[in-house]
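For reference, the structure discussed in these notes is given below.
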Amino acid sequence: MSGSADAPVLIVGAGPAGLATAYVLGRHGVASVVCEKYEGVNPHPRAHVVNTRSMEIFRDWGIADAVLREAVGPAWGNVVWKHTFTGEELGRLPLARDEEEHFGSVSPVTAASCAQDRVQRVLLDALRQQGTATVRFGVEVVELDEDESGVSAALRCADGAVEHVTARYAVAADGASGALRSRLGIEMDGVPEFGRQINVYFHADLSPWTDRDPALLVWLINSAAPGGIIGMDGGRRWTYNFGYDPEAETVADYTPERCAELIRRALGVDEVEIEVKSVGTWRLASRIARHYRRGNVFLVGDAAHQFPPTGGMGMNTGIADADNLGWKLAAVLAGWAPESLLDSYETERRPVARSNAGFSVDNAMKMAECGLGPTTAAIAQLLESDDPQVAAAERARLAEVIPHQRGHFGSIDQEIGYVYGADRPPVAPVYPRSRGAEGGRPPHRWISRSGQRISTLDVVARGFTLIAAPHGRRWLEALDRVAGDIPCSPVLVGRDIDTADEDPFGLGEHGAVLIRPDGHIAWRAPAGSPSPEDDLERALRTTLGAVPAER
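Each residue of the sequence shown is one higher than the one before, starting from -4 at the first, in the working numbering.
Written as structure tokens, this is what we have:
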């Protein structure tokens, strides 16, 4: 490729990770072209968990409220095990109460349940309002080549016409079944496929039961139609998920009529109108790309990693990928960071994906205790036994093991405790009085700025943020001299923010902390320094690989 590029960044795929990458780039003033082979946002909901860290990121982007408007309300925060949807309850976990009591002390937000198609629409609306990205639906990237100067791609439009575009970088966000990763010659490692699921999206009025006892997720353990029913909007939108054997049948065998009949069996009632909207499939596997980068092309989201759904980490890991990669691409394109910064995307995000994969697989194995997965038939047989003592014993066992599944439905350490750095574990424990691990996000405390109550997370700017202790003005003076073109925002405790009698960042009287554009702690000095300029220069060199004065 030679000459000027048609766009700085070409993004292949308009799923959550692709749209999020475009949005982060736009926040830094970088234009992108997003190509999606389908004609619009896929209305099939698929994922629905927006975890605590994703909600913190959305809060920073200014779209958290829009996501919450599309989310299921907190009254639905129950996970219930039942024989059928309308039948006997076997156990439950009250998630909303647990999150309020535990998670609320370490974050300004809590996780939400918002269907993936609604998350995508919120991101798409925000992108269009931002006006920096061009999103093209019905356009498939059929060829992609890269060399040292950039990438060139062939686009096939819905009418069959082929266009050629060039870009400095490309982002493959084309999902688990996308072709770009294979074309780049990047292999996957991990746990091979260990199951398949059918995912039926349907509309139905289940209010006669949910009005009395709303539940976000109902696990069904029976011999007629086991699986899980998920409420996608607290109204008429639902998914029904269950396992199938691809050696014996195909997705095509599950016609809308057959699926409607299975749903009625799962509900335990016949007199319900079921409108099957679409039928999809899910491969249960845990695989991670060996490399997240090939030349000028980067993998994000499911193109880079695939987890079983137990734990809800898939979409959320992709959103955090975008938050990490987006600012780095923008920094290199703007000229205030060297090309080598982009290598840190893989070294930072891949360990997090491995940790999330292990978490998800562990959850899948543990859920077998509760009759989900390969144990369903055996446990259902015990529950439905003609021997009342056998059935009662199994019900008692389930009542004992179900409460131990709480970590599956929200681990605050896993969601917000991940840290970056080769010499650090990928996840650090999070506790209410934490002051933040280097490489991780800052701690959350409620503080004051200009008389308004804000979170410490709200102090972070779009560029770097240097927060100095009350007697740390020398750090801010040093920043003026070493920052150069790097966008940096100075914050002095006591002048710009009021932390009352707390020291949430662990600065003491003279320390400072440098926070990256993605909200992770790059460096901290717990005390003053005889040479603050040298220390800041070294911090920037470590974070970006360059010093402005040397450019």
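Don't be surprised by glycine CBs; every beta carbon is placed ideally from N, CA and C.
Computed from a predicted structure; not experimentally measured.
Where does residue i land, buried or exposed, given buried means 16+ other C-beta within 10 angstroms?
i, result
"M588", "This structure gives no information on residue 588, because the portion of the chain shown stretches from -4 to 546."
"R259", "buried"
"P547", "There is simply no residue 547 to check, as the chain begins at -4 and stops at 546 in what is shown."
"Y554", "Given a span of -4 to 546 for the chain in the structure shown, any question on residue 554 remains unanswerable."
"T245", "exposed"
"R253", "exposed"
"A522", "exposed"
"D240", "exposed"
"V136", "buried"
"D200", "exposed"
"G330", "exposed"
"C483", "buried"
"R41", "buried"
"S(-3)", "Bear in mind that the predicted position of S(-3) carries a pLDDT of just 45, short of 50, making it too unreliable to give a figure here."
"H515", "buried"
"P527", "buried"
"P209", "buried"
"T234", "buried"
Quickly, what does DSSP pair residue i with across the bridge? List them, please.
i, result
"E159", "What sits at residue 159 in the sequence shown is His, not Glu. Looking at the DSSP assignment, H159 forms a beta bridge with A149."
"Q409", "Per DSSP, none; premise fails for Q409."
"P209", "Paired residues: none, contrary to the question."
"I516", "I510"
"N37", "Partner(s): none; N37 has no beta bridge."
"T276", "I193"
"E84", "K77"
"A167", "V7 and L294"
"S108", "V44"
Establish whether the CB of residue i and some CB of chain B are separated by less than 7 angstroms.
i, result
"G431", "Any reference to chain B falls outside this structure, which holds one protein chain only."
By the three-class DSSP mapping on this structure, what secondary structure does residue i have?
i, result
"T342", "helix"
"A572", "The requested residue 572 does not occur in the structure, where the chain is confined to residues -4 to 546."
"W322", "helix"
"G446", "coil"
"W331", "coil"
"T451", "helix"
"C365", "helix"
"S281", "strand"
"P89", "strand"
"E141", "strand"
"R116", "helix"
"A463", "strand"
"V28", "strand"
"E244", "coil"
"A12", "helix"
"T47", "helix"
"G(-2)", "Below a pLDDT of 50, predicted positions are generally treated as unreliable, and G(-2), at 48, falls in that range; no measurement from the model is reported."
"Y18", "helix"
"I314", "helix"
"V264", "coil"
"N291", "coil"
"F404", "helix"
"R131", "strand"
"T537", "helix"
"E65", "helix"
"I6", "strand"
"H300", "strand"
"R546", "Confidence at R546 is low in this model, with a pLDDT of 32, below 50, so its placement is unreliable and the value that follows should be read with caution. Residue state, collapsed to three classes: coil."
"A388", "helix"
"S380", "coil"
"V477", "helix"
Candidates the options: which alpha carbon is nearest residue i's?
i, options, result
"N547", "M308, A59 and G467", "Any property of residue 547 remains undetermined from this structure, which presents the chain solely from -4 to 546."
"R536", "A2, A199, R511 and L320", "R511"
"G24", "A110, L122, G8 and G180", "L122"
"R113", "G72, R468, A326 and R64", "R64"
"D120", "A17, D154, P221 and G222", "A17"
"G57", "A12, R87 and Q124", "Q124"
"G222", "A299, A375 and S108", "A375"
"V396", "H198, G366 and A168", "G366"
"A261", "L474, F80, D248 and A12", "F80"
"G190", "P304, E410 and Y415", "P304"
"Y413", "Q400, L393, G434 and Y426", "G434"
"Y287", "H43, P333, E270 and Y340", "Y340"
"D498", "R476, W441, Y33 and D453", "W441"
"V295", "N311, H439, A280 and L509", "N311"
"N73", "G82, E83 and R87", "R87"
"E411", "E389, A373 and L452", "Contrary to the premise, residue 411 reads as Ile rather than Glu in this sequence. When only C-alpha atoms are compared, the closest one is L452."
"F237", "D418, G229 and S218", "S218"
Can you list the beta strand (DSSP E) stretches of 3 or more residues lying completely in the stretch 483 to 507, in chain order? 483 to 487
Uninterrupted beta strand (DSSP E) stretches inside the stretch 170 to 237 (no shorter than 3 residues): 183 to 198, 212 to 215 and 222 to 226
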